[in-house]
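Protein chains in written order, with this note's numbering: chain X, 22 to 167; chain S, 22 to 167; chain A, 7 to 145; chain U, 7 to 145.
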């Protein structure tokens, strides 16, 4: 029997993420990207940046560390997070993100569709710094709906 | 045949570690210590601290992340880092460590002894903030000497 | 600040490929620690098997990160305006992966000069792991 | 700032025990990410076996951290003046561990009032993983 899905309109309160130097470095080290732009403030300044910018996929860090309970939330809606597939990830870049930034993250559910096999959910995250949008991320998830 | 060990007098240059909030939180989360003292600046201030203090075993974070190539160095001395045992760890606390601190770490080899079975090495780390010692750590390692 | 020169690039040009690997459990632990994604299917072989997989799989986002390294290394990070991927197949321990791309279309409009590229990551057997699109702004 | 009251504590008093576990691969990945200690014997079962172990072992420092949680939770962190441990035996996946301690000696001198404690961590079978000593300053 299918469980009732309760997808709220405003699923989570906006949350904040303080960008720290170590998370930029650690993400690049895990990827294996040793571009000094991400590690060396002096180098980054010479290149014309205010500081070492966050790499292209930094949104992941801001979401998982900024809201460690997010998947639990998704589970509360009746989504089977034990069998979830990350289907798509889409970024729109407006401004670089730097260490010291306090980034506000607002999440909304852009779309939700439930078929006999899968729940298809698109989460939209808007990241802003002092009311200026720096990044938008969309994440499409497929969960087993049976 | 035993490899020649070359233990230098000043094995590594002093290195610096910038204490960031996330590493204090992450260490406590990994340990499973959810004392708000380590997570909540407001709570820590009410308790009479300047900010969320680093937990008792934070030296590990400062050594491994502050000097990621340290074990490689030890290997260069001819120590078998593939078969190394952490035998003892000893901390002397002088002042709490807080987010934002720039900690200087000076390492010396307190003792080195080589037997037919093991190399026994004691590393001493002195952590200081603006020339004030905040923490001393001693780490005893046993490595297979054959 | 690195910016590509629009005039020196032709449609059909290949982006400089980037090969990595083999993927190890240590790398996945590093990625988990950095990203905060500690889903055990990336860390615990028994858990992954119980979840119906052959074994541990890499974080899809690690692959997107590797592809991102190729892109930002080529174009400069602030030149990248849009980047998206589809996750196609799992990446397993010991896989070697190569990030590749091609300039599909050059576009010049009132907002500037742009390159539309397709990008992807494949493994040592040519199996495609992720495919994506990037829009890069040029000088 | 938490401080223990010297007069209300007797030699032989037990510290409040703290039980944790089971130890999981996810926890070891979290510990590796936090500490920066990515030694594969804590992360990769095949590597651990090739190194002559039964399988993955926990970071000794994780155990010292758990014991440290027990100590700082009891005494307040700034009261702890000295803390040392010996690593006695390996901790494996699925082990449940309990941190314990006892006040061995009360000491009052010109520097203040101190408690000398012995502390240790044992697993579900009573096997001792680490033993240690702590010096705590009181009011």
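Every residue, glycine too, gets a C-beta built ideally from N, C-alpha and C.
Check                                                                                                                                     : Outcome
Cut-off 8 Å between Cβ atoms - residues of its own chain near residue 95 of chain U, not counting five sequence neighbours on either side : 133, 134 and 135
DSSP bridge partner residues for residue 118 of chain U (one or two, in chain order)                                                      : U:115
Where the alpha helix (DSSP H) containing residue 62 of chain X begins and where it ends                                                  : 62 to 67
Span of the alpha helix (DSSP H), counted from its first residue to its last, around residue 133 of chain A                               : First-last for residue 133 of chain A: undefined, no H or E at that position.
Nearest to residue 125 of chain S (by Cα), restricted to the options S:139, S:156 and S:62                                                : S:156
Unbroken stretches of the beta strand (DSSP E), 3 residues or longer, contained in the region 116 to 167 of chain S                       : 123 to 135, 139 to 150 and 153 to 165
Proximity of residue 116 of chain X and residue 130 of chain X at Cβ, strictly below 9 Å                                                  : no
Cβ-based neighbour list, residue 148 of chain S, same chain, cut-off 6 Å, excluding 5 preceding and 5 following                           : 124, 126, 155 and 156
Supposed contact pair residue 144 of chain U and residue 10 of chain U - C-beta distance, whole angstroms, cut 8 Å                        : 5 Å
Where residue 108 of chain X meets chain A, residues with beta-carbon distance less than 8 Å                                              : 92 and 93
Whole-Å CB distance - residue 40 of chain S paired with residue 120 of chain S, under 8 Å assumed                                         : 5 Å
Closer than 9 Å to chain U by CB, residue 124 of chain S                                                                                  : no
Nearest candidate by alpha-carbon position, reference residue 111 of chain U, set U:120, U:105 and U:103                                  : U:120
Complete runs of the alpha helix (DSSP H) confined to the region 16 to 102 of chain A [at least 4 residues]                               : 31 to 41, 51 to 56 and 66 to 81
Straight-line Cα distance separating residue 88 of chain A from residue 103 of chain A                                                    : 23 Å
Coil, strand or helix - residue 104 of chain A by DSSP                                                                                    : strand
Touching by the beta-carbon criterion (3+ pairs, under 8 Å), the region 59 to 70 of chain X and the region 99 to 114 of chain X           : no
Where residue 78 of chain S sits in the DSSP three-state scheme                                                                           : coil
Cβ of residue 43 of chain X within 9 Å of any chain S Cβ                                                                                  : yes
Inter-residue Cα distance where the pair is residue 43 of chain X and residue 105 of chain U                                              : 31 Å
is_contact[residue 39 of chain S, chain X] using C-beta, thresh 9 Å                                                                       : yes
Amino acids of chain S, ordered along the chain, whose beta-carbon sits closer than 8 Å to that of residue 86 of chain X                  : 43
DSSP three-state assignment for residue 105 of chain X, whether helix, strand or coil                                                     : strand
Interfacial residues, the region 67 to 99 of chain A to chain X, with Cβ spacing under 7 Å                                                : 67, 68, 70, 71, 72, 74, 75, 77, 78, 79, 83, 84, 86, 87, 88, 89, 90, 91, 92 and 93
The alpha helix (DSSP H) enclosing residue 47 of chain S, as first and last residue numbers                                               : 42 to 52
Residue interval of the beta strand (DSSP E) (run including residue 39 of chain X)                                                        : 36 to 39
Backbone CA spacing between residue 101 of chain A and residue 25 of chain A [nearest angstrom]                                           : 11 Å
For residue 30 of chain S, the three-state DSSP class (helix, strand or coil)                                                             : coil
Cβ neighbours of residue 200 of chain X in the same chain (closer than 8 Å, five flanking residues each side left out)                    : Because chain X is modelled from 22 through 167, residue 200 of chain X falls outside the range shown and cannot be assessed.
C-alpha distance - residue 97 of chain X paired with residue 28 of chain X, whole-angstrom precision                                      : 9 Å
Assigned secondary structure, residue 138 of chain A (DSSP; H/G/I helix, E/B strand, else coil)                                           : strand
Proximity to residue 54 of chain X [Cα-Cα], best of X:78, X:99 and X:35                                                                   : X:78
Neighbour flag for residue 51 of chain U against chain A, beta carbons, 9 Å                                                               : yes
Straight-line Cα distance separating residue 109 of chain X from residue 143 of chain X                                                   : 9 Å
Rounded Cβ spacing between residue 35 of chain A and residue 35 of chain U (contact assumed at less than 8 Å)                             : 4 Å
Residue 32 of chain X versus residue 94 of chain X - alpha carbon distance                                                                : 8 Å
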